[in-house]
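**Q** Oh and the sequence shown: position 303 is 303 in UniProt numbering, straight run, nothing missing. Handing you a structure now.
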Amino acid sequence: MRGITMLARARPATAVSRLTTSRVGAVRYGSGAAAGGDLKKTPLYDFHVARGGKMVPFAGYHMPVQYGNLSLADSHHFTRDHASIFDVSHMVQHIFKGPNAAAFLERVTPSAWATQGHMQSKLTTLLWPGTGGIVDDTVITRLGKDEYYVVTNGACLDKDTKYIDEQLGQFGGGVEWTRLDNSGLFALQGPQAAEILEQVLDREYADVDLKGLYFGNAVWAQLKLADGSSTHPVLISRGGYTGEDGFEVSFDGTRYPAFDTTTPAVEALLAAAGPERLQMAGLGARDSLRLEAGMCLYGHDLDDATTPVEAGLSWIIPKERRRADAGFHGAEVLVPQMTPRSKGGAGVQRRRVGFVVEGAPAREGATVEKDGERIGGITSGVPSPTLGKNIAMGYVKDGQHKAGTEVDVVVRGRKRKAVVAKMPFIQTNYWKGDA
Numbered sequence: 001m002r003g004i005t006m007l008a009r010a011r012p013a014t015a016v017s018r019l020t021t022s023r024v025g026a027v028r029y030g031s032g033a034a035a036g037g038d039l040k041k042t043p044l045y046d047f048h049v050a051r052g053g054k055m056v057p058f059a060g061y062h063m064p065v066q067y068g069n070l071s072l073a074d075s076h077h078f079t080r081d082h083a084s085i086f087d088v089s090h091m092v093q094h095i096f097k098g099p100n101a102a103a104f105l106e107r108v109t110p111s112a113w114a115t116q117g118h119m120q121s122k123l124t125t126l127l128w129p130g131t132g133g134i135v136d137d138t139v140i141t142r143l144g145k146d147e148y149y150v151v152t153n154g155a156c157l158d159k160d161t162k163y164i165d166e167q168l169g170q171f172g173g174g175v176e177w178t179r180l181d182n183s184g185l186f187a188l189q190g191p192q193a194a195e196i197l198e199q200v201l202d203r204e205y206a207d208v209d210l211k212g213l214y215f216g217n218a219v220w221a222q223l224k225l226a227d228g229s230s231t232h233p234v235l236i237s238r239g240g241y242t243g244e245d246g247f248e249v250s251f252d253g254t255r256y257p258a259f260d261t262t263t264p265a266v267e268a269l270l271a272a273a274g275p276e277r278l279q280m281a282g283l284g285a286r287d288s289l290r291l292e293a294g295m296c297l298y299g300h301d302l303d304d305a306t307t308p309v310e311a312g313l314s315w316i317i318p319k320e321r322r323r324a325d326a327g328f329h330g331a332e333v334l335v336p337q338m339t340p341r342s343k344g345g346a347g348v349q350r351r352r353v354g355f356v357v358e359g360a361p362a363r364e365g366a367t368v369e370k371d372g373e374r375i376g377g378i379t380s381g382v383p384s385p386t387l388g389k390n391i392a393m394g395y396v397k398d399g400q401h402k403a404g405t406e407v408d409v410v411v412r413g414r415k416r417k418a419v420v421a422k423m424p425f426i427q428t429n430y431w432k433g434d435a
């Protein structure tokens, strides 16, 4: 299938997803495999296998959890010190375009899109009507006047496809949606990412100024390959999921042969940088890196029953949309939540926080107690390679969320002392220009 393209009322066929889980290292993996249990392969699958990637099922794909030459901790440190490439082709890429594309996105998310700058990206959430619960988190880039590039989670493919289809059916037209199936997407992350990418940019196609490409901005470019040719135009977005400077590079498989060009592009980057500056990395390092950076993983730290306000994501709602009649799903719930009860608002019952935990690592599902009373739970937890401490993320009752609050986390039936901590746990290094 080259892609799914539909106007407002078309209905795509979607595969039934069954969730299975396994645990490797500190990361829990879920496989939303296609009907019949077949796992899909990303454009980099053969490359991963050839280079010794340890493959696991994740979001319906064969994905590398790590590479044989580096432990999870070593890969984590290498990314923080140098740079790594992560295959994120399991993520779902979409294009929304048409005269009503911005209005549609402003209904299903709380963010402002009609005023978004061209080639600028931002994080937001798809929302359920009536409750403001999070359907999925997503990054959206405005490509042009009436065109938006949207990336959603691979594990939510079936749910998101059904949701978008239903919402378009209720919206009334003026929007064309294309799901970019069979496409490639990889992330180049780390302090040396920019200087490495600089080496493979095709300057004859576009004179890209990486110093002027700030975090949250995107550009069209071509990458030079080892044989002297160049890739087709790719979308390069400055950002990522590690807390480091970096880029995500998208290969549109509906317009170009992404399965033929993604691997040569990765090989060109590896050859240009050398192994002392650039390595491949997998899901294991990606999980510990994102948790240190305080970033959420949908299905763990975010879900249908959690609102952006509870999750500490109120900043995705701009001031001009903080009205109960703003027109986005759940506005009548989210806007009152943003004002504490002490100031006459609805407030929230719980808040997402970070923890530093003594003793054994706290994993998802562990309970959080204060003076013997359960006040919350852990949604993600890992030993932090950078800090040398056990860190976690979770939710606690409103009022117990202040940094420095001492709590107990019940790990394997034993209480472990913990303290509520500010996130991110480490200093982030997003490129926002020279200091």
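We put the CB at the ideal spot given by N, CA and C, even for glycine.
Is it the case that the region 373-387 contacts the region 285-292, given that we only count it when at least three CB pairs across the two stretches are under 8 Å?
**A** yes
**Q** Alanine 59 and threonine 141 - do their beta-carbons sit closer together than 7 Å?
**A** Going by C-beta atoms, threonine 141 is not nearer than 7 Å to alanine 59.
**Q** Report the residue from Thr405, Pro424, Thr428 whose alpha carbon sits nearest the alpha carbon of lysine 417.
**A** With distances taken between Cα atoms, lysine 417 lies closest to Thr405.
**Q** Which word fits arginine 350, buried or exposed, when buried means at least 16 other C-beta atoms lie within 10 angstroms of its C-beta?
**A** buried
**Q** Which class does serine 230 belong to by DSSP, given the choice of helix, strand or coil?
**A** strand
**Q** Note down the Cα distance separating glutamate 176 from phenylalanine 47, rounded to an integer number of angstroms.
**A** 34 Å
**Q** Excluding five sequence neighbours on each side, which residues of the same chain lie with their C-beta closer than 6 Å to the C-beta of lysine 224?
**A** Val200, Asp202, Ser230
**Q** Beta carbon of leucine 188, beta carbon of glutamate 198: below 7 Å?
**A** Taking C-beta atoms as the reference points, leucine 188 and glutamate 198 fail to come closer than 7 Å.
**Q** Check whether the Cβ atoms of residue 469 and glycine 174 sit closer than 7 Å, and answer yes or no.
**A** Any answer about residue 469 is impossible in this case: the structure gives the chain only from 1 up to 435.
**Q** Could you tell me how far apart the beta carbons of isoleucine 196 and arginine 277 are, in whole angstroms, since I believe they sit closer than 8 Å?
**A** By a beta-carbon distance limit of 8 Å, isoleucine 196 contacts arginine 277. Their separation comes to about 6 Å.
**Q** Spatial neighbours of glycine 433 within its chain, please: CB distance less than 7 Å, with the 5 preceding and 5 following residues excluded, ordered by chain position.
**A** Tyr214
**Q** Checking 7 Å against the spacing of the C-beta atoms, do histidine 82 and glycine 239 come in under that value?
**A** No, Cβ-Cβ distance for histidine 82 and glycine 239 is not below 7 Å.
**Q** Apart from the five residues just before and just after residue 441, which ones in its own chain have a Cβ nearer than 6 Å to its Cβ?
**A** One cannot answer for residue 441 here, as it falls past the ends of the chain, which runs 1 to 435.
**Q** Might you give, ordered along the chain, the residues of its own chain that have their beta carbon closer than 6 Å to the beta carbon of histidine 118, omitting 5 neighbours on each side?
**A** Arg142
**Q** How many Å lie between threonine 21 and serine 384 at the Cα?
**A** Low per-residue confidence applies at threonine 21: pLDDT is 26, beneath 50, and the placement is therefore not dependable, though the value from the model is reported in the following sentence. Between the alpha carbons of threonine 21 and serine 384 lies a gap of roughly 23 Å.
**Q** On the CB-based measure, 16 or more other CB atoms within 10 Å of its CB, does glycine 354 come out buried or exposed?
**A** Buried.
**Q** Hey, could you find the ends of the alpha helix (DSSP H) lysine 159 is sitting in?
**A** 157-171
**Q** Are the beta-carbon atoms belonging to glycine 184 and threonine 307 less than 7 Å from one another?
**A** no
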